Structures are given as structure tokens and as C-alpha cells.
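*Asks:* My questions all concern the structure below.
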Amino acid sequence: MDSIFGVPTQALFGQLLIGLINGSFYALLSLGLAVIFGLLNIINFAHGAQYMLGAFCAYFLLNKTGIGYWWALLIAPLAVGLFGMLIERTMLKQLYKLDHLYGLLLTFGLALVIQGLFRNEFGSSGLPYPIPEALTGGHNLEFMVLPNYRAWVVVASLAVCLGTWFVIEKTKLGSYLRAGTENPNLLRAFGVNVPRMITLTYGFGVGLAAFAGVMAAPIYQVNPLMGADLIIVVFAVVVIGGMGSILGSVLTGFGLGVIEGLTKVFYPEASNTVIFIVMAIVLIIKPAGLFGTQK
Amino acid sequence: MTDARERLAGVPAQAADLRHHRTAFAVVAVFFLAAPLVLYPVFLMKVMCFALFAAAFNLLIGYVGLLSFGHAMFLATGGYVSAHVAKIWGLPPELAILAGTAAAAVLGIVAGMIAIRRQGIYFAMITLALSQMMFFFYLQTPFTHGEDGIQAVPRGMLFGLIDLSNVWAMYFFVFAVSAAGLLLIYRIVHSPFGQVLQAIRENEQRAISLGYKTDRYKLLAFVLSASLAGLAGATKVLVFQLASLVDAHWSMSGEVVLMTLLGGLGTVFGPVAGAFVLLGMENYLAQLGAWVTVVQGAIFVVCVLTFRRGVIGELGHWLKKPL
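Structure below.
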């Protein structure tokens, strides 16, 4: 069996793998958006720029200080997350009492500033970032060659997503978070420092974006605009999944990555648009999204 | 809440409103009639087209409370269709513009039916996603010529009489179209229909309980806004004789949001002022090159944090008269 529906198996599995990789990033990014949205009620338009910052952070660590991929995976999310917390403290905090759309506009402006500054400095062609030594090469599975790094991306992203789900749904800290989403005033009355929790949550969501950025660096190269178009696709993923459930957004992310990969095999002209078409169909059938609840 | 009630029954207040709005309209008209003596006419035509575009956008955000982050798709659709009709089909400019506007209206019906199924932040994300889909469509479909765009669009003879290749004929034509568009938007906002829209913005549940089918009102407002944005795009294409992907890109959607925010959300003249200031900045600070994006982003941040009323909103606040 070397072809399915007239498509060579090699190509089919190759695209499926690319779909899974893209899906890993959709899942990580939409998870971060959902976590932030849950507590802050804003859509973080700067998410794509923060993802790019994560990749650049890894690039600087490697080229300025010689710190490699594994440490970057830890340091970049912390650094970018801290930067996010600074933004939350100084700017976003002032907008909580206003219409939530202002948060969207502010973060859109921040994204323009960050991406513009980096594009002025580094142009819009990509900078190379090497695959860490431990993960070079690949395994030959009978039907295709599986590059180790790509397998790692899928596994690591799944692990982080499930870890986040576990913390939010099954731990005491997570119960505070969920309580904060439901009724922040009541939670404050119980003596929880809600403003600090909000800051940390924003930092965590931004850190997730930066983590995705570091993982993306060896695959897509480091590019100032790497997050600009991606964030729009992730918005569509968020609309399709609905932001009500963590597992839902993870599942939607991977699922749509695979659908996109399959479209590349069977009808490549639509591969850029298929996610938006799925979004339109879902909105017509189930306006709240696949896993969402409409308020 | 009292505010909402006053808006619902706000008809008597309009007589007073109209008087100073009339003066303001006259000031704006005189400005654009006299300005070409000092400023470059093509620049002013661009400003007028974008003022109409921003005013169409403002109809949604300012009076229905819906933030569309995908209005570029209507600008581009109006532009591409009228360019194709004028260049390939060889029809006169008035029909080309009409075709572009109609195409934007049709797209508005489809996009609107999908987007108004969610509110608030979701509405913004959905319109952005739909607009990105249209961007890829225009990138791939043959009639738009991809990255090249439709070039050398003929301006043609208006009504078979007026040669629009004359810059003054074109100038006054654009002036007439934009003025008519702005007056129409003003009329819509101050009609009973517009009052219902504002009631929906203030409290949708209450509007529903009063028996209004709010989805129909929102859809109609969306289609009107889309058509007027298409009209702006079609007119702009005749001015520059070029329809390109720039109009379809998400940064164009961001730009119209910024113009309206800078001028003042929900003000009659804010979009005009916003378009003038922002395009002037881009035009005269062209040596900044790639810094324009950074400056735009910074203006966004400053406006949201400290200047939410916008230029005209502040002016109106200071004069104690809504402008």
C-alpha cells in the first residue's frame, strides 16, 4: 500500500505530521489566549508578538551568551512573561473597568509597536536557529521518516497543555483561578489577592506564547513577523473551539492543524483558508463554538 | 440606564443638535473645497475616501457597539470589483462604482449573517478571520492579478459627459461621493432606525424585550456599513487607478480602527479628522519609512490609555456640544 485515494502515503503522512506540528502551536497559543481571557476578559492581540519575542529571546541567548535550546525553553518564557506582567501592571490594569474592546485595541497597538521595532532592526527575512543536538536526525518508521525534533514538539506541546489543564482543573491554585473567573469580588472577600493573581495569570499566558515561540524557532526560523498572521488563524481556532474549556481548545488546535494538513494534500488551493471556512460553518451550526457556552 | 432611556426617546433633542451639526458640516465642506489651493489634491482625495471608509466603520462601532476588525474586506471588494468592471468590461465610472458597492453589500450580507451570531470580542475576531479569508481569496483568484493588482484602471467619462482624467473633475466627484456618503450616515444615525441601533448598543436585552428583532437591525447596519466601505474602496480605486492587495490586508482593517479611534468613536466628524491626521502623518512623515507601524501602534496605545474620546470627542466635550 503506497497510495491512499491516489495520494502517495509518504506525502499524506508528511502533511499529517506538518498538520500536527502546526496544531501543536495552535493549541499552545489558543490555550494561552483562553487562560488570559478567562480571568482578564480581554483578548490578547499581542499574543503573536509575544510568541515572536520568545523565539528572539532564544536567538539572543544562543548568539550573545551561548546559552542553548534547553535553557532557552525555561528562560525565554520567564523573561517574556515578566515583560507581559509589566504591561499588565502599567497598562492593561487601567482598562478593566472599561469596555473589553479597549483591551483588544491596546494589545493590537502593542503588537504593532513590538513587531515594528523588531522589523526595523532585523528586517523581515528569517534568522536561522539550529535544532538542538540531542534531537537531530530522525527515525525511520516503515511508511515515513519521522524527524526527532518534530516528534518532540508534538509531545512537549501535548505535555504542557495537559499540565496546564491539570493545574487549572485539579489543584487548589486552579480552583482559585476558576473562582476568579466566576466571581472575583467574592474571591477577594475570602482573602485572595486577586489583582496579583490576574498579573500572574497574564504572565503565565504570555509565557506559554513565548514557550511556543522557542519551540517554533528551529522549525520556522526566527522572524519578526512570524506571529502576525499566525495570531489571526489562532483567533479562528479560538472561535471554533469556544473558550469555555481548556481541553476543548487543545483538541480544537490539534484537530484543525490536521485538517489543514489534509487540505494541503487533497486541495492545496484552500489550505490557507480552510480554517476560516470551518469557522464559518461552526458559527452557523453552533454559534457558541464546539466546546463553548454562550452567555 | 437613564442615559439609555434618553437615547431611546431622544427625538426632541435633535432639533438643537441639527443646528450646530449643520454649521460643522459647512465648515468641513468649505475646508475640503478650499484645501486644494494649499494641499496636494490627490492627498485630499485619499483623505476623503478614507474619511468615508472610517465613517462607515464608525457606524458600527460608534452606534451599534460592534467592533469590526475586518473592514478591509469591504474596501478591497469594492475596489477590485469596480476596477474589473471599469477596465475589463469597459463600463463607465458610475456603473463601476455601483457594481463595487453592490459587491461589498453582498459580501456584507454573507459576512454579517456569520459575524452577528456572536458579540463583543468574538465579533471582532470573527470579522478579522473572515477578512483574512478574503485576503487569501484575492491573493489566489486570477482576476485580481495577485501581487500586481489591477493596474491602469481607466477613470473614464462620468455619465458620458465629464472627463474624470481631469484632476479637478475627479476632485469634485470624490468630494460629492464622500459628502453624500457622510450625509447618508448622518441621516441613518439620526433616524428612528438609528435610535434603535443605539438602544441595542446601550442594552440589547431591553431592546429585545421591547419587541425589536435586534439581529435584523444589526445585520442591516452591518450591510449598510459594508456597502459604504465598498463605495469608499471603489472611489479610491478610480483616484489611484490601482486596486491592490494592500486594501485587503489586516493592517488596513487596523488602520481604519485607528483613524476612528483617533478622531473619536461615535462622533459624526471624528472619522474625517482621524483620516486627515493619520494620512497626513503617513504622507508627511514618509521618511520615517518602516517606523510608521511603530508610530501607529504607539498612537493606538496612547489613545486607548489617555485619549479615549479622540480629537473631535475632546473638542465636542470642550464646546459642550456633541460633534
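Residue numbers (this note's numbering), protein chains in the order written: chain G, 4 to 298; chain S, 34 to 356. Ideal Cβ placement from N, Cα and C applies to all residues, glycine included. Predicted model, so just to flag it, every value in this text is computed and none were measured.
In chain order, what residues of the same chain lie with their CB nearer than 7 Å to the CB of S/Gly-112, ignoring the 5 residues before and after it?
*Replies:* Closer than 7 Å at the Cβ level, and outside the excluded window around S/Gly-112, lie Gly-133, Gly-266, Ala-267, Lys-269, Val-270, Ala-276 and Asp-280.
*Asks:* Beta carbon of G/Gly-216, beta carbon of G/Gly-230: below 9 Å?
*Replies:* It is a contact, given that the beta carbons lie within the stated cut-off.
*Asks:* With a threshold of 6 Å on Cβ separation, who are the neighbours of S/Phe-107 within its own chain once the five nearest residues in sequence on each side are excluded?
*Replies:* Excluding positions up to five away in sequence, the list reads Ala-137, Ala-259, Ala-262 and Gly-263.
*Asks:* Assuming S/Phe-255 and S/Gly-343 are in contact, meaning their beta carbons sit under 8 Å apart, how far apart are those beta carbons, in whole angstroms?
*Replies:* The pair is not a contact, with the Cβ atoms about 23 Å apart (cut-off 8 Å).
*Asks:* With a 10 Å radius around its C-beta and 16 neighbouring C-beta atoms as the bar for buried, classify G/Ile-288 as buried or exposed.
*Replies:* Per the 10 Å Cβ criterion, exposed.
*Asks:* With DSSP as the reference, please indicate the residues paired to G/His-142 in a beta bridge.
*Replies:* Per DSSP, G/Leu-149.
*Asks:* Note down the Cα distance separating S/Leu-197 from G/Glu-91, rounded to an integer number of angstroms.
*Replies:* When rounded, the distance between both Cα atoms is 52 Å.
*Asks:* Comparing alpha-carbon positions, which option in S/Gly-330, S/Ala-119, S/Lys-354 and S/Leu-294 lies nearest S/Gln-184?
*Replies:* Of the listed residues, the one whose Cα sits closest to S/Gln-184 is S/Ala-119.
*Asks:* With a threshold of 9 Å between beta-carbons, can G/His-50 be considered close to chain S, or not?
*Replies:* No, G/His-50 does not count as interfacial toward chain S.
*Asks:* Closer than 9 Å, CB to CB, is G/Val-242 near chain S or not?
*Replies:* Yes, contact with chain S.
*Asks:* Report whether the distance from the Cβ of G/His-142 to the nearest heavy atom of the ligand MN is below 8 Å.
*Replies:* Ligands are entirely absent from the displayed structure, and the ligand MN is therefore not among its contents.
*Asks:* Going by DSSP in three states, S/Asp-196 sits in which element: helix, strand or coil?
*Replies:* Strand, per DSSP.
*Asks:* Could you give the first and the last residue of the continuous alpha helix (DSSP H) run that contains S/Gly-112?
*Replies:* Its alpha helix (DSSP H) spans residues 105-120.
*Asks:* Which bits of chain S does G/Gln-97 rub up against, with CB to CB less than 7 Å?
*Replies:* Residues of chain S passing the Cβ test: Leu-338.
*Asks:* Where does G/Gly-112 land, buried or exposed, given buried means 16+ other C-beta within 10 angstroms?
*Replies:* Answer is buried; the Cβ neighbour count reaches 16.
*Asks:* Counting only beta-carbon separations shorter than 9 Å, does G/Leu-23 have a partner in chain S?
*Replies:* For G/Leu-23, the answer is no, since every Cβ of chain S falls outside 9 Å of its Cβ.
*Asks:* For S/Tyr-204 versus S/Leu-77, is the C-beta distance shorter than 9 Å?
*Replies:* In this structure, S/Leu-77 lies closer than 9 Å to S/Tyr-204 by Cβ.
*Asks:* Between S/Arg-5 and chain G, is there a C-beta pair that is closer than 9 Å?
*Replies:* Nothing about residue 5 of chain S can be reported from this structure: the residues present for chain S run from 34 to 356 only.
*Asks:* May I ask you to list, following chain order, the residues of the region 310-336 of chain S that have a beta carbon less than 7 Å from some beta carbon of chain G?
*Replies:* Under the 7 Å Cβ criterion, the region 310-336 of chain S contributes Ala-323, Trp-324, Thr-326, Val-327, Gln-329, Gly-330, Ala-331, Phe-333 and Val-334.
*Asks:* Using a Cβ-Cβ cutoff of 9 Å, what residues of the region 111-127 of chain G are near chain S? List them in chain order.
*Replies:* Per Cβ criterion, the list reads Phe-111, Gly-112, Leu-113, Ala-114, Leu-115, Val-116, Ile-117, Gln-118, Gly-119, Leu-120, Arg-122 and Asn-123.
*Asks:* On a Cα-Cα basis, can you pick out the residue from G/Phe-28, G/Thr-204 and G/Phe-16 that is closest to G/Val-236?
*Replies:* Checked all of G/Phe-28, G/Thr-204 and G/Phe-16; the closest Cα to G/Val-236 is G/Phe-28.
*Asks:* Taking the C-alpha atoms as reference points, what is the distance between S/Val-327 and G/Ile-46?
*Replies:* Cα-Cα distance, rounded: 21 Å.
*Asks:* Give every residue of the same chain whose Cβ lies closer than 6 Å to the Cβ of S/Phe-90, excluding the five residues on either side of it in the sequence, and list them in chain order.
*Replies:* For S/Phe-90, where only same-chain residues beyond five positions count, the Cβ hits under 6 Å are His-104, Val-289 and Thr-293.
*Asks:* Just the Cα atoms here: how many angstroms apart are S/Phe-83 and G/Asn-66?
*Replies:* Rounded to whole angstroms, S/Phe-83 to G/Asn-66 spans 45 Å at the Cα level.
*Asks:* Please classify G/Ala-219 as buried or exposed, where buried requires at least 16 neighbouring CB atoms within 10 angstroms.
*Replies:* Buried is the call here.
*Asks:* So, does the CB of S/Ala-157 fall closer than 9 Å to a CB anywhere in chain G?
*Replies:* Closer than 9 Å to some Cβ of chain G, the Cβ of S/Ala-157 qualifies, so yes.
*Asks:* When the Cα of G/Pro-198 is compared with those of G/Pro-11, G/Leu-31, G/Ile-24 and G/Leu-43, which residue comes out closest?
*Replies:* Looking at the Cα atoms, G/Leu-43 is the closest of the given residues.
*Asks:* Curious, which full-length alpha helix (DSSP H) runs of at least 4 residues does the region 248-296 of chain S contain?
*Replies:* Those alpha helix (DSSP H) runs which fall completely within the region 248-296 of chain S and span 4+ residues are 283-296.
*Asks:* Starting from the beta carbon of S/Leu-294, find every residue of chain G whose beta carbon is closer than 7 Å, and list them in chain order.
*Replies:* Per Cβ cutoff of 7 Å: Leu-108.
*Asks:* Got a sec: is the Cβ-Cβ distance from S/Met-166 to anything in chain G below 9 Å?
*Replies:* Yes - at least one Cβ of chain G is within 9 Å of the one on S/Met-166.
*Asks:* Leaving aside the five residues before and after S/Ile-233 along the sequence, list all residues of the same chain whose C-beta is less than 8 Å from its C-beta, in chain order.
*Replies:* For S/Ile-233, where only same-chain residues beyond five positions count, the Cβ hits under 8 Å are Val-97, Gly-98, Ala-240, Tyr-245, Thr-247, Tyr-250 and Lys-251.
*Asks:* Which residues in chain G have a C-beta closer than 7 Å to the C-beta of S/Leu-252? List them in chain order.
*Replies:* Ordered by position in chain G, no residue passes the 7 Å Cβ test against S/Leu-252, which lies about 14 Å from the chain.
*Asks:* Whole alpha helix (DSSP H) runs in the region 83-125 of chain G with 4 or more residues, listed along the chain?
*Replies:* Qualifying alpha helix (DSSP H) stretches, in chain order: 104-125.
*Asks:* Relative to chain G, which residues along the region 172-185 of chain S have a C-beta separation below 9 Å, given in chain order?
*Replies:* Cβ contacts with chain G come from Leu-172 and Gln-173.
*Asks:* Chain G beta carbons: is any one of them nearer than 9 Å to that of S/Gly-287?
*Replies:* For S/Gly-287, the answer is yes, since a Cβ of chain G falls inside 9 Å of its Cβ.
*Asks:* Considering only C-alpha positions, which residue in the set S/Glu-315, S/Gly-123, S/Arg-341 and S/Trp-324 is nearest to S/Val-186?
*Replies:* Closest by alpha carbon: S/Gly-123.
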